[in-house]
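Participant: One structure coming up, written as structure tokens, with questions to follow.
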Amino acid sequence: MLKKIVIQIGTFCFILSLTLSTAHSPISKGYVEEKWGQAEEVVKEEDPLYMEILSHKKELDIAPMDAKVDSVWKAIPGLNGQTIDVQASYEKLKKYDTFDESELIFHETTPSVSLADLPAQPIYRGNPEKQMAGVMVNVAWGNEYLPKLLKILSENNVQATFFLDGSWVKNNSHLAMMIKEEGHEIGNHAYSHPNMKQLSSGRINDEISRTNEVIEATLNVTPTWFAPPSGSYRQEVVEIARDYDLYTVLWTVDTIDWKNPDPKAMADRVVNETEAGSLILMHPTESAEKGLELILQGVKEKGLALGKLSEVLGEKRAP
């Protein structure tokens, strides 16, 4: 401590003498400011608090992860890294003159390769290092269950991605608007719930474009995600969807709620299978209505945040 005080006093006296002399000498203001900066660095390097922040930087900085195409999971999004802002953290902690890791200031660093840089590939999951799971609801029927599903999601502060069948939106615009107004994300689920794998190129285009058009006209939303009905597709479907700036999304964990399973057994299985990056698929069914809260609570208890696809598949680190 004594050594630190002596250094600070000596540095101050040196810079003060330079400052006073500038009025009668060619020493520039910039030169003095430079010396002040150098002096501040000396003082910081003698400060145990500053050095402790530096030591934690080596430990807590995380490199960003590039998006990639996996041989099994196909397209996997990238994930931002993080780095400690040493100067900002030092200035913040200096007020308390004690180190507190929870008070460190971080900045996120972006990957070099993003999802948009990859060739057209389906997405089955988010980045496994991101502590989030996504909730997907495919809607082409089941109107009677939608209000309760929306209520449960709201009560649990969870926003999901609802993939809407185009003909369903046309005939149920009030329900589609209700979903949007609850803050949920809207995706494209084709127009007539066809088997996309068996369609001609023209029909694939028609199913995707008509649904985009009705969603944009009804909800003033342009979808980012496309979920092929029943998960049926071929590579051409993925490529055509990409032509419409849509990413084709499947799922990691399927509730299989359309088979009317026991809600608790279904929820237990889904929670057990869900991990970081998982995309959970459900529909507006009685089993989903009765099992949804158990799923949401169980996944949260595993330490995972829940959200819509733009959050789970985005590069921003989990909250």
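The sequence shown begins at 1 in the UniProt record's numbering and counts up one residue at a time. We put the beta carbon where it would ideally sit given N, CA and C, even for glycine.
When you compare the CB positions of residue 321 and Val69, do they come within less than 7 Å of one another, or not?
Facilitator: What the structure shows of the chain is the stretch from 1 to 319, and residue 321 is not part of that stretch, so it cannot be assessed.
Participant: Quick test of your reading: Ser287 and Glu236, contact by CB under 8 Å. State the CB separation rounded to the nearest angstrom.
Facilitator: The pair is not a contact, with the Cβ atoms about 34 Å apart (cut-off 8 Å).
Participant: DSSP puts Thr161 in a beta bridge; with which residues?
Facilitator: BP columns for Thr161 point to Met136 and Glu185.
Participant: For Asp100, which residues in the same chain have their Cβ closer than 8 Å to its Cβ, ignoring the five residues on either side in sequence?
Facilitator: Only Leu93 meet the Cβ criterion.
Participant: When we look at the beta-carbon of Gln121 and count the other beta-carbons within 10 Å, is it buried (16 or more) or exposed?
Facilitator: Burial call: buried.
Participant: Measuring only the C-alpha atoms, how far is Glu126 from Glu46?
Facilitator: The question names Glu, but residue 126 is Gly in the sequence shown. Their backbone Cα atoms lie some 44 Å apart in a straight line.
Participant: Can you tell me where the alpha helix (DSSP H) with Thr211 in it begins and where it stops?
Facilitator: That run of the alpha helix (DSSP H) goes Ser201 to Leu219.
Participant: Where in the region 82 to 161 do unbroken runs of the alpha helix (DSSP H), each at least 4 residues long, occur, reported from the N-terminal end onward?
Facilitator: Counting only runs of 4 or more, we get 86 to 94 and 146 to 155.
Participant: Taking all protein chains shown into account, decide if Asn138 is buried (16 or more other Cβ within 10 angstroms of its Cβ) or exposed.
Facilitator: Classification for Asn138: buried.
Participant: Output needed for Tyr233: all residues of its chain with C-beta closer than 6 Å, excluding positions within five of it in sequence on either side, in chain order.
Facilitator: If we look at Tyr233 and ignore the five residues flanking it on each side, its Cβ neighbours are Met196 and Lys197.
Participant: Can you check which of these residues, Glu129, Pro263, Ile215 and Tyr124, is closest to Thr248 by C-alpha distance?
Facilitator: Checked all of Glu129, Pro263, Ile215 and Tyr124; the closest Cα to Thr248 is Tyr124.
Participant: How is the beta strand (DSSP E) around Leu79 delimited, first residue to last?
Facilitator: Per DSSP, Leu79 belongs to no beta strand (DSSP E) and is neither H nor E.
Participant: Ignore the nearest five residues each way along the sequence and tell me which others in Lys300's own chain have a CB closer than 6 Å to its CB.
Facilitator: Excluding sequence neighbours, Lys300 sits near nothing in its chain.
Participant: Span of the alpha helix (DSSP H) holding Val69?
Facilitator: Note, Val69: premise wrong, no alpha helix (DSSP H); beta strand (DSSP E) at Lys68 to Asp70.
Participant: Do the CB positions of residue 402 and Met132 come within less than 7 Å of each other?
Facilitator: Since the first residue of the chain shown is 1 and the last is 319, residue 402 is not available in this structure.
Participant: Which residue or residues does DSSP assign as beta-bridge partners of Trp225?
Facilitator: For Trp225, which the question treats as bridged, DSSP gives the partners Tyr247.
Participant: Confirm, please, whether the CB-CB distance from Pro128 to Ala276 is below 7 Å.
Facilitator: It is a contact, given that the beta carbons lie within the stated cut-off.
Participant: Any chance the CB of Glu129 is under 6 Å from a heavy atom of the ligand SAH?
Facilitator: Because no ligand of any kind appears in the structure shown, any question about the ligand SAH cannot be addressed here.
Participant: I'd like the span of the beta strand (DSSP E) that includes Leu313, first residue to last.
Facilitator: Leu313 -> no beta strand (DSSP E), and no H or E assigned at all.
Participant: Grouping DSSP H, G and I as helix and E and B as strand, with all else coil, what is Lys74?
Facilitator: DSSP places Lys74 in strand when its eight states are reduced to three.
Participant: Given residue 320, which residues of its chain have a CB within under 8 Å of its CB, disregarding the five upstream and five downstream residues?
Facilitator: No answer is possible for residue 320: the residues shown for the chain start at 1 and end at 319.
Participant: Compute the distance between the beta-carbons of Thr255 and Val270, then report whether it is under 7 Å.
Facilitator: Yes, the Cβ-Cβ distance between Thr255 and Val270 is below 7 Å.
Participant: Helix, strand or coil for Leu281 per DSSP?
Facilitator: The answer is strand: DSSP assigns Leu281 an E or B state.
Participant: If you draw a straight line from the C-alpha of Asp85 to the C-alpha of Glu91, how long is it?
Facilitator: Looking at the two C-alpha atoms, the distance is approximately 10 Å.
Participant: State the Cα-Cα distance for the pair Glu103 and Tyr50, rounded to the nearest angstrom.
Facilitator: Glu103 and Tyr50: Cα-Cα distance of roughly 14 Å.
Participant: Quick one: what does DSSP say Ile256 is sitting in, helix, strand or coil?
Facilitator: Correct three-state label for Ile256: coil.
Participant: May I have the straight-line CA-CA distance separating His56 from Phe163, to the nearest angstrom?
Facilitator: His56 and Phe163: Cα-Cα distance of roughly 43 Å.
Participant: Under DSSP, the alpha helix (DSSP H) around Gly231 begins and ends at which residues?
Facilitator: Per DSSP, Gly231 belongs to no alpha helix (DSSP H) and is neither H nor E.
Participant: Rounded to whole angstroms, what is the Cα-Cα separation between Tyr96 and Ser89?
Facilitator: Cα-Cα distance, rounded: 11 Å.
Participant: For Lys130, is the classification buried or exposed, using 16 other Cβ atoms within 10 angstroms of its Cβ as the cut-off for buried?
Facilitator: Classification for Lys130: buried.
Participant: Taking the alpha carbon of Leu115 as the point to measure from, which residue in Ala67, Thr161 and Met177 has its own alpha carbon closest?
Facilitator: It is Ala67 whose Cα lies nearest to the Cα of Leu115.
Participant: Roughly how many angstroms separate the alpha carbons of Gly78 and His107, rounded to a whole number?
Facilitator: Approximately 16 Å, taken between the alpha carbons.
Participant: With respect to the beta strand (DSSP E) encompassing Leu304, which residues constitute its N-terminal and C-terminal limits?
Facilitator: No beta strand (DSSP E) contains Leu304, which DSSP labels as neither H nor E.
Participant: Buried or exposed for Ile280, please, with buried defined as at least 16 other CB atoms from any protein chain shown within 10 angstroms of its CB.
Facilitator: Buried, since its Cβ has 16 or more Cβ neighbours within 10 Å.
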